[in-house]
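For reference, the structure is listed below as structure tokens.
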Amino acid sequence: MFKTEVYINRRTNLKNKLNKGIALIMGNVEASMNYPHNTYHFRQDSTFLYFFGLDYPGLAAVIDFESGEEILFGDDFTVDDIIWMGPQPKLADNAQKAGINKTFPFARLQEVVKKAQEQGRPVHFTPPYRGKNMMTMGNTLGVHPGKVKEMASVEFIKACIELRSTKELCELEEMERHMGTAYNMHTTAMKLAHPGRTEQEITGIIEGISMSGGGIVSFPVICSVRGETLHNHYHGNTLKQGDLLLVDAGSESPLHYATDHTRTSPVGGRFTSQQKDIYQIVVDTNNAALAATKPGITYKECHMIAARTIACGLKELGLMKGDVDEAVAEGAHALFMPHGLGHMIGLDVHDMEDYDQKLVGYDDEVQPSSQFGLNALRMGRRLHPNFVVTNEPGIYFIPALIDKFRSENKFTDFINYEKVEKYKGFGGIRLEDDVLVTETGSRILGERIPINPEDVEKMVLSGTK
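So for the sequence shown, my numbering puts the first residue at 2; every next one is plus one.
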């Protein structure tokens, strides 16, 4: 946990944003894998972590925006629990760590919420995303569990987004500290990128590095020689000379702040000339987007700068043609990059995505697009100091998408399909960094993982074959 004052201040700031009703903030409970007592590794709800910091199951809290009262709900551990788990702090002792002076048994949660409802006071909560919490909240609120999510409070969600978007110094220190684990994960994957290794072997090793660094992976590892599949979680391939290995992986810090990086390495240690040409365009795009990232610009504008850089590079190679600005405006480049430039990152790898991605990444000023490719941009709104975003441009040759666009005669003024056909077995390249928006610009958090082609080749060659 951070210092007690951090959680007190966060709740105070929240109470300054709402003045009616109560907030119901649910912690997570254990989730079973294949029978009740064989559970997944526990992961606390991020909103609960943000406001209370207590990292164990079976908790909930209520904040009264009118009286200012704060109550933590939970139960003390029994002797049977202690036999298996060892001595445990009392609920009241844990509450003190979060600056909470009032505790109730969990069974009283419904009573407190029902009283507020009977008084006609709003009950604010964020959308639940786990079945057990939906059931508990349905019982607590007196509604069908299937209706709970649609009752979430937009006012409360927006207040949480406003607070969590701007990272505090303690959060940035935690994130920066954990970037060393991310660096180790990705440079190890590079060193293992040799013929005969398997995707599963590399995946297991870097997941172990994450655990050794203090936390589980922040999302299922993408480690694939078929990088043209954006979220490829199949790990059954054996690496061959000449393959490109795309590794998109992140780790959670001890306090659950996420890292998220992607690197693409030449198996065996040398890019082919064709691979290097495409790789360099992605490096240039990453650097151009980083240079553009600063307070006052929208991340949608940064995305468009990335799109134009990709289109210019592909035009130089003869894969695209025509007027670059027109091509980008019409979305022709999305054949090669059908996703957004990045997203916010913090306690969640896609920060606050459980709330509603449109509310997190967009606002009244910047609205989502319906255009293919641009509609996948998770973060479009204006940047402010201490926002942390990912910068992850890529170029992919997706056979099914190429065939679809060509059969529909799409973008024939901008795409040289005859030449694109020769790249159908190329795969994909993505290069991703975690970026802090500063007062005057931006910077990469932590030591930058090797990204220039010569440095990546050198790192791969330094590994054991």
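Yeah, the Cβ is synthetic: ideal placement off N, Cα and C, and Gly gets one too.
By the C-beta criterion, the segment 240 to 248 is judged not to be in contact with the segment 169 to 178, since fewer than 3 inter-stretch pairs fall below 8 angstroms. Counting the other CB atoms within 10 Å of its CB gives Pro267 a total of 16 or more, which places it among the buried residues. A Cβ-Cβ contact shorter than 8 angstroms links Glu433 with Glu393. Note on Tyr280: 16 or more other CB atoms within 10 angstroms of its CB, so buried under the neighbour-count rule.
8 angstroms or more divides the Cβ of Cys161 from the Cβ of Thr137. Between Pro386 and Thr439 a beta carbon distance of about 6 angstroms is seen, short of the 8 angstroms cut, so the two are scored as contacting.
Membership of Ala190 in the alpha helix (DSSP H) is indicated by the continuous run Leu170 to Lys192.
Taken through DSSP and simplified to helix, strand or coil, Arg44 comes out as coil. Within its own chain, the residues whose Cβ lies closer than 8 angstroms to the Cβ of Thr40, once the five positions on either side in sequence are excluded, are Glu31, Ala32, Ser33 and Met34, listed in chain order. In the three-state reduction of the DSSP assignment, Ile282 falls in the helix class. Going by C-alpha positions, Gly215 is about 7 angstroms away from Glu253.
Contact annotation, Ile445 with Ile396: C-beta distance approximately 21 angstroms; criterion of less than 8 angstroms not satisfied. Rounded to whole angstroms, the gap between the alpha carbons of Met353 and Phe388 is 13 angstroms. Its Cα nearest to that of Asp77, the residue Ala93 stands out among Ile101, Ser166, Met86 and Ala93.
For Glu119, the closest alpha carbon among the candidates Lys4, His236 and Ile23 is that of Ile23.
Contact annotation, Thr286 with Thr310: C-beta distance approximately 4 angstroms; criterion of less than 8 angstroms satisfied. With a contact defined as Cβ atoms closer than 8 angstroms, Leu240 and Val226 qualify at about 6 angstroms. Bridge partners of Arg264 according to DSSP: Val248.
With contacts defined by Cβ atoms closer than 8 angstroms, Lys322 and Pro454 do not form a contacting pair. For Phe74, there is no enclosing alpha helix (DSSP H); the residue is found in the beta strand (DSSP E) stretching over Glu71 to Phe74. The segment 62 to 78 makes contact with the segment 96 to 106, as at least three CB pairs between them are under 8 angstroms. Sequence-distant Cβ neighbours of Lys192 in its own chain, meaning closer than 8 angstroms and more than five residues away, are Met460, Val461, Ser463, Gly464 and Thr465. With fewer than 16 neighbouring CB atoms inside 10 Å of its own CB, Asn17 falls in the exposed class. In this structure, Pro339 places its C-beta atom within 8 angstroms of the C-beta atom of Ala377.
By the C-beta criterion, the segment 324 to 337 is judged to be in contact with the segment 410 to 430, since at least 3 inter-stretch pairs fall below 8 angstroms.
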